[in-house]
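Asks: According to our numbering, the stretch in the sequence shown is residues 1 to 250, in order. One structure, as structure tokens, below. Some questions next.
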Amino acid sequence: MPVRILISNDDGINSAGLDALVEVLKTVGEVFVVAPDREQSAASHALSLYRPLRVEEISENIYSVDGTPTDCINVAVNGLLKDKKPDLIISGINKGENVGDDITYSGTVSAAMEGTLLGFPSIAVSLASKNDFHFETASHYSLLIVKHVLRKSLPKDTLLNVNIPNLPKGKIKGVKVTRQGKRVYGEPIVENIDPRGRKYYWIGGNELGFLDIENSDIIAVHNGYVSVTPIKLDLTDYNFLDRLKLELKT
Ligand code: MN
């Protein structure tokens with residue numbers, strides 16, 4: 001039986017990052033694409049519950065959905081592919097890194113989260129740049145990690161969040177297994193007056209830097225390493241849990 005891989009993203013069905021991933025993963029097995037029909041970056045883990053979702057078959061095994069990345073994984077697993085479940089789900093290649101706190105907003109990571117929640121080994125892949133993307137580097141390392149996960153699988157509750165520096169392949173220093181870091185943002189909001197004289201707020205936030213957390217995803221990517229972070233969907237703080245128990249008793 002050939003390996004079956006489901007690919008989605010949050011940049012939309014026309015993203016070059018998606019194409020790059022499809023091309024390289026065709027060498028591993030049968031590839032299905034179910035992706036949003038337009039950009040859904042920062043869509044987070046939103047699920048459309050109050051309207052129907054429409055699917056368009058773009059070409060063989062390639063579908064677009066008028067919904068979020070999470071909708072796409074749901075429609076794929078429970079609808080389009082219900083009789084041919086994927087062996088692996090991968091989301092990307094996102095145009096832009098998803099490190100530190102980004103992952104709580106990220107549509108790319110959320111697609112992988114949905115895959116994990118539905119019981120499939122899932123990976124999110126992002127390329128750390130805003131332009132001039134080295135997709136050949138990102139697809140090379142995506143393939144490497146996909147092959148690893150197909151061989152070894154993942155714990156039931158865990159996905160891999162992969163971030164790749166935007167460098168030519170030869171300039172990558174290696175692969176690092178990392179932990180989630182923390183960015184520091186400035187100017188979180190822009191306040192201004194629109195042409196009709198009404199006040200508006202525009203959520204911005206330019207990165208001022210990042211906290212110096214040892215072995216963080218941010219530091220690895222900045223230093224030229226591919227960052228692979230295992231992310232658990234159980235968000236419980238087990239250290240604090242015991243203390244809170246005691247505190248609430250008193
Ligand atoms: Mn995106």
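Think of the CB as a built atom: it goes at the ideal place given N, C-alpha and C, for glycine as much as any other residue. None of these values were measured; they are calculated from a predicted model.
Buried or exposed: Ser153, going by 16 or more other Cβ atoms within 10 Å of its Cβ?
Replies: Here residue 153 corresponds to residue number 153 of the sequence shown, with the count starting at 1. The residue in question, Ser153, is exposed, as its Cβ has fewer than 16 Cβ neighbours within 10 Å.
Asks: Can the beta-carbon of Ser139 be found closer than 7 Å to that of Pro69?
Replies: The count along the sequence shown starts at 1 and reaches residue 139 at position 139. The count along the sequence shown starts at 1 and reaches residue 69 at position 69. Not in contact: Ser139 and Pro69 (Cβ atoms no closer than 7 Å).
Asks: Rounded to whole angstroms, what's the CA-CA distance from His97 to Asp157? Just pull it up for me.
Replies: Looking up residue 97 in the sequence shown gives position 97. Looking up residue 157 in the sequence shown gives position 157. In the sequence under discussion, the amino acid at residue 97 is Glu, which differs from the His named in the question. Between Glu97 and Asp157, the C-alpha separation is close to 23 Å.
Asks: Let me know the secondary structure DSSP gives Pro69 once reduced to three states.
Replies: Sequence index remark: in the sequence shown, residue 69 carries index 69 (1-based). Of the three classes helix, strand and coil, the one that applies to Pro69 here is helix, per DSSP.
Asks: For Lys199, does the three-state DSSP call read helix, strand or coil?
Replies: The count along the sequence shown starts at 1 and reaches residue 199 at position 199. The answer is strand: DSSP assigns Lys199 an E or B state.
Asks: May I ask you to check if the CB of Asp11 is nearer than 6 Å to at least one heavy atom of the ligand MN?
Replies: Numbered from its first residue, the sequence shown carries residue 11 at position 11. Flag set: Cβ of Asp11 near the ligand MN.
Asks: Taking 6 Å as the limit between beta carbons, can you name the residues of its chain near Tyr141, skipping five residues before and five after?
Replies: Position 141 of the sequence shown, counted from the first residue, corresponds to residue 141. These residues qualify, in order along the chain: Ile164, Val226.
Asks: In whole angstroms, give me the CA-to-CA distance for Ile90 and Ser64.
Replies: Counting from 1 along the sequence shown, the entry for residue 90 is found at position 90. Counting from 1 along the sequence shown, the entry for residue 64 is found at position 64. About 16 Å.
Asks: Could you give the distance in angstroms between the alpha-carbon of Ala20 and the alpha-carbon of Val28?
Replies: Along the sequence shown, read from residue 1 onward, the residue named residue 20 stands at position 20. Along the sequence shown, read from residue 1 onward, the residue named residue 28 stands at position 28. Roughly 14 Å between the two C-alpha positions.
Asks: Any heavy atom of the ligand MN within a distance shorter than 6 Å of the CB on Ser59?
Replies: Here residue 59 refers to the residue found at position 59 of the sequence shown. For the ligand MN, not one heavy atom lies less than 6 Å from the Cβ of Ser59.
Asks: Let me check you understand the geometry: is the CB of Ser41 closer than 6 Å to at least one non-hydrogen atom of the ligand MN?
Replies: Walking along the sequence shown from the start, residue 41 turns up at place 41. Because some heavy atom of the ligand MN lies under 6 Å away, the Cβ of Ser41 counts as near it: yes.
Asks: Any chance the CB of Asn192 is under 6 Å from a heavy atom of the ligand MN?
Replies: Position 192 of the sequence shown, counting from 1, holds the residue named residue 192. No; taking the cut-off as 6 Å, the Cβ of Asn192 has no heavy atom of the ligand MN nearer than that.
Asks: Does at least one heavy atom of the ligand MN sit under 6 Å from the Cβ of Asn94?
Replies: Looking up residue 94 in the sequence shown gives position 94. Checking every heavy atom of the ligand MN against the Cβ of Asn94, one is found closer than 6 Å.
Asks: Taking 8 Å as the limit between beta carbons, can you name the residues of its chain near Val149, skipping five residues before and five after?
Replies: Residue numbering aside, residue 149 sits at position 149 when the sequence shown is read from its first letter. Closer than 8 Å at Cβ, skipping near neighbours: Leu88, Pro121, Ile123, Leu160.
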